[in-house]
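Residue numbers (our numbering): 2 to 251.
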Ligand SMILES: Cc1cc2nc3c(=O)[nH]c(=O)nc-3n(C[C@H](O)[C@H](O)[C@H](O)COP(=O)(O)O)c2cc1C
């Protein structure tokens with residue numbers, strides 16, 4: 002029998018405001034996330050808008066505990082290696098302000114790169130490399146114009162290409178948000194993470210990622226203890242005041 006789609010009962014604004022990044026999950030043994038629930042999350046993700054409707058995304062869902070642990074460990078090793086080098090460089094440079102910041106916050110901060118080692122599930126969000134065909138042509142043409150502008154000593158507009166070049170990343174990001182919201186509507190916590198992408202090469206090998214894709218972000222996920230949409234909205238993460246981030250032009 003098909004499970005009931007819980008989202009039908011939740012209004013969209015409550016869901017958007019209630020969603021939080023969740024970093025601890027119930028185990029798969031006692032509280033499994035069903036294939037149906039996972040498919041609902043991916044279904045929501047694939048209905049995100051994408052530039053030229055290229056749908057430049059690919060999703061890998063890992064249920065294998067050993068593999069999740071291995072991925073977390075490569076992330077831990079990578080971040081620790083980077084910062085141990087950085088620490089010794091800073092010591093030799095006598096760069097006290099940087100050193101203080103590192104010593105104060107680093108140990109806690111870097112846990113955010115690999116806290117998911119015991120997570121029951123892990124999602125990998127990948128983006129197709131190289132852009133879609135239409136954007137590729139457009140970008141090539143614009144690069145030519147930019148080149149001519151530079152040749153003619155006109156002012157180079159560095160922003161001209163940026164929006165287009167980011168189109169696929171933006172598209173996958175929108176899919177990721179749909180994934181997180183659909184998860185939350187089913188009592189499933191997620192935490193989008195870009196920290197682990199420092200170990201992209203290692204992770205790509207571990208999951209046999211297709212060559213024409215690159216990892217954009219990960220998200221561990223799992224059922225949330227005592228899940229209650231109304232309660233979770235009260236533990237709201239701080240947000241900037243609307244007046245500080247909004248300009249209306251009449
Ligand atoms: C692009 C992106 C990257 C993030 N990377 C990490 C990460 O590497 N580790 C982590 O613990 N949280 C990560 N987060 C989660 C943020 O810390 C979180 O969204 C933010 O603090 C706001 O809290 P909320 O999601 O509960 O509203 C990331 C979020 C986004 C959108």
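Note that CB positions come from ideal geometry on N, CA and C, so glycine has one too.
Residue environment analysis places residue 26 among the buried positions, since at least 16 neighbouring C-beta atoms fall within 10 angstroms of its C-beta. Annotated as distal: residue 58 and residue 208, with beta-carbon spacing of 8 Å or more. Taking the C-beta atoms as reference points, residue 46 is found no nearer than 8 Å to residue 127. DSSP places residue 73 within a helical segment (H, G or I) once states are collapsed to three.
Going by DSSP, residue 64 is part of no alpha helix (DSSP H) at all; its letter is neither H nor E. Beta bridge pairing from DSSP links residue 219 with 125, 194. At least one heavy atom of ligand 1 sits closer than 7 Å to the Cβ of residue 196. Around the Cβ of residue 224, a 10 Å sphere holds 16 or more other Cβ atoms; the residue is buried.
Beta-bridge partners of residue 189 (DSSP): 224. In chain order, 183 place their CB closer than 6 Å to the CB of residue 41, counting only its own chain and leaving out the 5 sequence neighbours on each side. Look at residue 214 here: in three-state DSSP terms it is strand. As the crow flies, the alpha-carbon of residue 221 is around 43 Å from that of residue 251. If the five residues before and after residue 213 are omitted, its C-beta is found closer than 7 Å to the C-beta atoms of 129, 130, all from its own chain and listed in chain order. The Cβ neighbour count for residue 123, taken over all protein chains shown within 10 Å, is at least 16; the residue is labelled buried. Contact between residue 192 and residue 23 holds: CB atoms are separated by about 6 Å, below the 8 Å threshold. For residue 241, there is no enclosing alpha helix (DSSP H), as DSSP gives it neither H nor E. Comparing C-alpha distances from residue 210 to each of 168, 248, 125 shows the shortest one belongs to 125. Rounded to whole angstroms, the separation of the alpha carbons of residue 120 and residue 28 is 8 Å.
Just so you know, the alpha carbons of residue 132 and residue 145 end up roughly 17 Å apart.
The beta carbon of residue 71 is closer than 8 Å to those of 207 in its chain, skipping five residues each way along the sequence. Beta-bridge annotation (DSSP): residue 22 is paired with 191.
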